[in-house]
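Undergrad: In my numbering, the protein residues as written are 2 to 122.
A virtual CB, placed ideally from N, CA and C, is assigned to each residue, including glycine.
Structure below; questions to follow.
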């Protein structure tokens, strides 16, 4: 079973994302900020990370930068989930190591398409 870590400070987004991912057959873990997400990755590296941009403690960009420097941190597919839709933000996310991005709010079909694009659905 594929695993996904949802890193988002919004409980609602985590709950909605978990529901979508579980219906797609993923085992799901959650973290409410980037530091907690890195701690979970140290325990067990997921196949996919759904990553929020703006969070307390550690932002999504800080998370992915540190993740990609870790041993095995190049393996997870990272999908940024954000309300930031300008080209500069998207480019920054991709340059930092994101594989895809999805605009909030998203639905089952949109997330499934993004996961297919990174070879995980």
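Spatial neighbours of residue 51 within its chain, please: CB distance less than 6 Å, with the 5 preceding and 5 following residues excluded, ordered by chain position.
TA: Locating residue 51 in the chain shown gives position 50, where the first residue counts as 1. Once the five neighbours on either side are set aside, the close Cβ partners of residue 51 are 7, 18, 80 and 82.
Undergrad: Pull up the distance between the alpha-carbon of residue 57 and that of residue 10, whole angstroms please.
TA: Within the chain shown, the letter at position 56 stands for residue 57. Within the chain shown, the letter at position 9 stands for residue 10. Their backbone Cα atoms lie some 7 Å apart in a straight line.
Undergrad: Count the other CB atoms within 10 Å of the CB of residue 23; is the residue buried (16 or more) or exposed (fewer)?
TA: Position 22 of the chain shown, counting from 1, holds the residue named residue 23. Answer is exposed; the Cβ neighbour count stays below 16.
Undergrad: What number of angstroms, rounded off, separates the C-alpha of residue 87 from the C-alpha of residue 43?
TA: What you label residue 87 is simply residue 86 of the chain shown in a count that begins at 1. What you label residue 43 is simply residue 42 of the chain shown in a count that begins at 1. If you take the alpha carbons of residue 87 and residue 43, they lie about 32 Å apart.
Undergrad: So residue 65 and residue 98 are supposed to be a Cβ contact under 8 Å. How far apart are they, rounded?
TA: Here residue 65 refers to the residue found at position 64 of the chain shown. Here residue 98 refers to the residue found at position 97 of the chain shown. At roughly 5 Å, the Cβ-Cβ gap stays under 8 Å, so residue 65 and residue 98 are in contact.
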